[in-house]
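Colleague: Position one of the sequence shown corresponds to residue 128 (this note's numbering), numbered consecutively onward.
The beta carbon of each residue, even a glycine, is placed where N, CA and C say it ideally should be.
Please read these numbers as outputs of a predicted model, since none were measured by experiment.
Here's a structure for you.
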Amino acid sequence: ACHNWGPGKDAQGWHKDYPLGGNMRYHRTRTLLLFYYPQQVSPAMGPTAIQPGTQYYMESRPDLPGLNLHVDAGTVVLTHYEVWHQATANTSDRTRFMLKFLYTRTEEPRGPTWDHTTPHWSPQAHQLFPHRNLWQHMWHWYRGGTDDIVYAAGAPSPQEIASLKSPDLLERRCAAEDLGLYGPEAQSAATELAAALTDPDEVVRLNAAYALGSGVADGVPLLLEGLKNEAAEKWKANLQRGDFTNPSQLDLTFGLAAAGGAAAPGLSAALDHSDWYVRAAAVAALGCMGLNADSASSAMTVALADPNEWVARNAAQALGNITTQDGNTAGALADTLTDTRPVTAWSLGKDPLRENAASALAKLGDLPDTLIGPLQQAQTEDSEYLRFWAQTALARQGR
Numbered sequence: 128a129c130h131n132w133g134p135g136k137d138a139q140g141w142h143k144d145y146p147l148g149g150n151m152r153y154h155r156t157r158t159l160l161l162f163y164y165p166q167q168v169s170p171a172m173g174p175t176a177i178q179p180g181t182q183y184y185m186e187s188r189p190d191l192p193g194l195n196l197h198v199d200a201g202t203v204v205l206t207h208y209e210v211w212h213q214a215t216a217n218t219s220d221r222t223r224f225m226l227k228f229l230y231t232r233t234e235e236p237r238g239p240t241w242d243h244t245t246p247h248w249s250p251q252a253h254q255l256f257p258h259r260n261l262w263q264h265m266w267h268w269y270r271g272g273t274d275d276i277v278y279a280a281g282a283p284s285p286q287e288i289a290s291l292k293s294p295d296l297l298e299r300r301c302a303a304e305d306l307g308l309y310g311p312e313a314q315s316a317a318t319e320l321a322a323a324l325t326d327p328d329e330v331v332r333l334n335a336a337y338a339l340g341s342g343v344a345d346g347v348p349l350l351l352e353g354l355k356n357e358a359a360e361k362w363k364a365n366l367q368r369g370d371f372t373n374p375s376q377l378d379l380t381f382g383l384a385a386a387g388g389a390a391a392p393g394l395s396a397a398l399d400h401s402d403w404y405v406r407a408a409a410v411a412a413l414g415c416m417g418l419n420a421d422s423a424s425s426a427m428t429v430a431l432a433d434p435n436e437w438v439a440r441n442a443a444q445a446l447g448n449i450t451t452q453d454g455n456t457a458g459a460l461a462d463t464l465t466d467t468r469p470v471t472a473w474s475l476g477k478d479p480l481r482e483n484a485a486s487a488l489a490k491l492g493d494l495p496d497t498l499i500g501p502l503q504q505a506q507t508e509d510s511e512y513l514r515f516w517a518q519t520a521l522a523r524q525g526r
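Here you go:
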């Protein structure tokens, strides 16, 4: 996309770009946003401003500093797709141009892909972003989950646990962060962490979710029960946000993803729940988890035919992150390419269920020859995203 920001333009508000097709937004870096500036951008030309570190938040944080990108011609800036950003006021007499590109992973990390010698993350405390446990889970994912996370020795003190209920916001944020660094030893704080999952502050909620997903004995059951409650409470508000948010965009999906394979059986069982929003949330959490959810791939494949469109759409997106075929997955995704059930056009996608199915097929790697025909047919569809993903899937087959 080409963005031109003319003279006299006022600053935008802080925002995220729309989620493609109304899909789940992930903490894990599965989509990159690239800004390319073909001209020198001065501070007066309304440069793009980004808020580094805000990719984990669904709620705007105007209290956090922005970084203005006044750059030389030819500069390329890579960011997490979910980072909050804005165009600043253009007080010059020149139009500022920017080209935007998207990059999407076709496979999950299976090991470090950079020159790397230290297997364990050594996070430093950060006053603006108290997320050391979240960061070490991100580091663990980037490394393919090949080593256990090293947590702090000992158990949390009663004072640390009590701080979760402090009237001071920063103290609550840091308490939830610190408890997560104890890993399984935070079991003594499990009840208090579960209560913090409904804290009015997003940072506290996320830190509590990651803490419970860090090997706490009661963590997975508490997160599963909390996910059902959060889904019931938030699905409608998510759809009414006005920014194409997925109904299953929930804090607790990230804690369950951090828990890894230990959470997969419970999430798989939740795919049989009577309420569609619980089924949609469960399969969304499995997709957030990625490779560790491979034991649930059969249940996720069945979910492609769920009568609720959001369950089916989330299942198709999730299967693209699992990339483990159970023998039926690829065929079921190919069948979904011709699914004619009505779906809500949501965000940039015209046909989001079929687009997600084509995207998942592109990420599965080697496909049976019997799927070449359906993919070639998909290249003739109206949806540009469906055509693109079908073309990508065929290209990966050497077609």
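1) Under the three-state reduction of DSSP, which class applies to Asn-441: helix, strand or coil?
2) Specify, as a first and last residue, the run of the beta strand (DSSP E) that Gln-213 falls within.
3) For the stretch 239-306, list the alpha helix (DSSP H) runs that are entirely contained and at least 4 residues long, ordered along the chain.
4) Using the Cβ count rule (16 or more neighbours within 10 Å means buried), how would you classify Pro-189?
5) Name the two residues that bound the continuous alpha helix (DSSP H) containing Leu-383.
6) Determine which residues share a DSSP beta bridge with Trp-132 and list them.
7) On a Cα-Cα basis, can you pick out the residue from Asn-441, Pro-236 and Gly-135 that is closest to Tyr-269?
8) Terminal residues of the continuous alpha helix (DSSP H) containing Thr-519?
9) If you reduce the DSSP assignment to three classes, tell me which class Asn-419 lands in.
10) Which residues does DSSP list as the beta-bridge partners of His-207?
11) Need the endpoints of the alpha helix (DSSP H) that Thr-456 sits in, please.
12) Does the distance from the CB of Arg-300 to the CB of Pro-257 come in under 8 Å?
13) With DSSP run on the structure shown, which of helix, strand or coil describes Met-553?
14) Measure the C-alpha to C-alpha separation of Asn-455 and Ser-424 and round it to an integer number of angstroms.
15) Taking Thr-175 as part of the beta strand (DSSP E), name the residues at either end of that continuous run.
16) On a Cα-Cα basis, can you pick out the residue from Leu-191, Leu-205, Met-172 and Gln-139 that is closest to Arg-157?
17) When the Cα atoms are used, what is the spatial distance from Pro-434 to Ala-336?
18) Measure the C-alpha to C-alpha separation of Gln-251 and Ala-280 and round it to an integer number of angstroms.
19) Are Met-225 and Tyr-145 closer than 8 Å when you measure CB to CB?
20) Which residues share a DSSP beta bridge with Phe-371?
21) Can the beta-carbon of Ala-505 be found closer than 8 Å to that of Ala-522?
22) Roughly how far, in whole angstroms, is the beta-carbon of Ala-520 from the beta-carbon of Leu-494, given that I think they are within contact range, below 8 Å?
23) Less than 8 Å separating the beta-carbons of Thr-222 and Ala-171?
24) Can you find the residues in the same chain that come closer than 7 Å, C-beta to C-beta, to Gly-393, ignoring five residues on each side of it along the sequence?
25) Output yes or no for whether 8 Å exceeds the beta carbon distance between Gly-307 and Gln-213.
26) State the start and end residues of the unbroken alpha helix (DSSP H) segment that holds Leu-488.
27) Classify Lys-363: buried if its beta carbon has 16 or more other beta carbons within 10 angstroms, exposed otherwise.
28) Shorter than 7 Å, the distance from the beta carbon of Ser-510 to the closest heavy atom of the ligand FMN, or not?
29) Three Cβ pairs or more, each shorter than 8 Å: is that satisfied between the stretch 169-188 and the stretch 426-441?
30) Go ahead and label Asn-131 buried or exposed: buried means 16 or more other beta carbons lie within 10 angstroms of its beta carbon, across all protein chains shown.
31) May I have the straight-line CA-CA distance separating Thr-471 from Ala-409, to the nearest angstrom?
32) I need the DSSP call for Asn-217, collapsed to helix, strand or coil.
Modeller: Quick answer:
1) Reduced to three states, the DSSP call for Asn-441 is helix.
2) 212-214 is the span of the beta strand (DSSP E), which, as asked, contains Gln-213.
3) 259-269 and 285-289, all fully within the stretch 239-306.
4) So Pro-189 counts as exposed.
5) In the DSSP annotation of this structure, the continuous segment of the alpha helix (DSSP H) that includes Leu-383 starts and ends at 379-386.
6) DSSP lists Arg-223 as the bridge partner or partners of Trp-132.
7) Out of Asn-441, Pro-236 and Gly-135, Pro-236 has the C-alpha closest to the C-alpha of Tyr-269.
8) First-last of the alpha helix (DSSP H) with Thr-519: 511-523.
9) In the structure shown, Asn-419 sits in a helix (DSSP, three-state: H, G or I).
10) Paired residue(s): Leu-159.
11) Element bounds for Thr-456: 456-463.
12) Here Arg-300 is near Pro-257, since their CB atoms are less than 8 Å apart.
13) The structure shown has nothing for residue 553, since the chain only spans 128 to 526.
14) Going from the Cα of Asn-455 to the Cα of Ser-424 covers about 9 Å.
15) Judged by DSSP secondary structure, Thr-175 falls within the beta strand (DSSP E) whose first and last residues are 175-177.
16) Ranking Leu-191, Leu-205, Met-172 and Gln-139 by Cα distance to Arg-157 puts Leu-205 first.
17) Roughly 30 Å separates the two Cα atoms.
18) For Gln-251 and Ala-280, the distance between alpha carbons rounds to 17 Å.
19) Note that the C-beta distance between Met-225 and Tyr-145 is not below 8 Å.
20) None, per the DSSP bridge assignment.
21) In this structure, Ala-522 does not lie closer than 8 Å to Ala-505 by Cβ.
22) Confirmed, about 7 Å.
23) For Thr-222 and Ala-171, no; Cβs fall outside 8 Å.
24) Closer than 7 Å at the Cβ level, and outside the excluded window around Gly-393, lie Val-347 and Leu-351.
25) No, these two residues do not count as a Cβ contact at 8 Å.
26) From DSSP, the alpha helix (DSSP H) with Leu-488 extends over 479-490.
27) With fewer than 16 neighbouring CB atoms inside 10 Å of its own CB, Lys-363 falls in the exposed class.
28) No copy of the ligand FMN occurs in the structure displayed, which carries no ligand at all.
29) Verdict: no, contact absent.
30) With fewer than 16 other Cβ atoms within 10 Å, it is exposed.
31) Distance between the alpha carbons of Thr-471 and Ala-409: 20 Å.
32) Strand.
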